[in-house]
Ligand SMILES: [Zn+2]
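Numbering (my numbering), first residue to last: 1051 to 1363.
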């Protein structure tokens, strides 16, 4: 063993249901055909997934059945808020409590286990978010974006909503502008006031920042490969596997959804739908191979967090 914590794969389950605005009764292919593509790859390399579910997706009984199945298969089910509000961090304590708490309840009801991991939509976090996670007894949170790349990313999102002043105001209202400048790149602990610590203690939450090799560079998650080139991306993944205790690999359903999965009656623009599904799955397999070959092993985010908190795994 390398002494570093196990690797993990974090799947932020940004569903088509959410992208389409939660049409009543919508049965989302991302829970079925699309998920099965990534599940087959994960099974081939014996990799568990940590899947962060949007609470509102669980209103459909078929989605609930799928999530229960994934839990029973040994995948971890985490919390990705109730309605995927991309301005979570700029919301009031009451809205934050509702967004996190309602999904928390819904997931616990489906799996029989309270989720212990969280990620905020668009990495939009705040002291209020952390306070609520500590209150609910969460073990870890992966909502911190520790790279300067957050600023152009927010700008891009602002430009894409330039016709909507209210949305723009909310985007600019995020309260975590300092994190790309001050957040450590390796995991750390925070108390309910977002004060940082090096060691675990009761009432502290483990922060697993988005894996980033250098603060001024783009963070390393699957999307980066599509934008900045695969050769460089694979090399970054290998380096992070070899050296970074906090490294985990973040993927999204867009990485395994095919254009033919999309419903023609919904016209939303979805990212990465111009990439053929065969290529998408080949890229994912290339990375899964790198992860599976690491002496660190691949576990769930929850077990990685246990390890990093100094608790027996
Ligand atoms: Zn999301």
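The beta carbon of each residue, even a glycine, is placed where N, CA and C say it ideally should be. Values in this document were obtained by computation on a predicted structure and should not be read as measured data.
By the Cβ criterion, the stretch 1190-1206 is in contact with the stretch 1155-1170, since at least three pairs of Cβ atoms, one from each stretch, lie closer than 8 Å.
Secondary structure of residue 1063 (DSSP, three-state): coil. Distances taken from the Cβ of residue 1307 to the heavy atoms of ligand 1 include none shorter than 8 Å. Given a length threshold of 3 residues, each whole run of the beta strand (DSSP E) inside the stretch 1120-1158 is given here in chain order: 1126-1129. Residue 1070: not part of any beta strand (DSSP E); DSSP gives it neither H nor E. The C-alpha of residue 1129 is placed about 10 Å away from the C-alpha of residue 1155. Ligand 1 never approaches residue 1319 closely enough for any of its heavy atoms to be under 8 Å from the residue's Cβ. Shortest gap from the CB of residue 1129 to any heavy atom of ligand 1: 8 Å or more. Measuring C-alpha to C-alpha distances from residue 1307 to each of 1053, 1298, 1143, 1326 identifies 1326 as the nearest. Taking C-beta atoms as the reference points, residue 1295 and residue 1054 count as a pair closer than 9 Å. Residue side-chain check: residue 1062 places its Cβ nearer than 8 Å to a non-hydrogen atom of ligand 1. Each residue's CA atom was taken as its position, placing residue 1132 and residue 1125 some 20 Å apart.
When C-beta atoms of the stretch 1299-1319 are compared with those of the stretch 1074-1083, three or more pairs fall below 8 Å, so the two segments count as touching. Residue 1176 is a Cβ neighbour of residue 1224, given a cutoff of 9 Å. Contact between residue 1338 and residue 1095 holds, since their C-beta atoms are separated by about 5 Å, short of 8 Å. Membership of residue 1301 in any alpha helix (DSSP H) is not indicated; the residue belongs instead to the beta strand (DSSP E) covering 1299-1301. At least 9 Å separates the beta-carbon of residue 1344 from that of residue 1274. Contact between residue 1260 and residue 1300 is confirmed by a C-beta separation of about 7 Å, below the 8 Å threshold. Residue 1091 has its alpha-carbon roughly 37 Å from the corresponding atom of residue 1251. A direct Cα-Cα distance of roughly 15 Å separates residue 1314 from residue 1324. Assigned with DSSP and collapsed to three states, residue 1244 falls in coil, not helix or strand.
Sequence-distant Cβ neighbours of residue 1208 in its own chain, meaning closer than 8 Å and more than five residues away, are 1218, 1221, 1222.
Beta-bridge annotation (DSSP): residue 1239 is paired with 1247, 1256.
Closest by C-alpha distance to residue 1231, out of 1331, 1279, 1266, 1332, is 1266. Taking the CA atoms as reference points, residue 1086 sits about 25 Å from residue 1283. For residue 1185 and residue 1062, the gap between their C-alpha atoms comes out near 23 Å. Residue 1304 has its CB no nearer than 8 Å to any heavy atom of ligand 1.
Under the three-state reduction of DSSP output, residue 1057 falls in the strand class. Rounded to the nearest angstrom, the gap between the Cα atoms of residue 1112 and residue 1248 is 42 Å. In this structure, the C-beta of residue 1169 approaches ligand 1 to less than 8 Å from one of its heavy atoms.
Secondary structure of residue 1100 (DSSP, three-state): strand.
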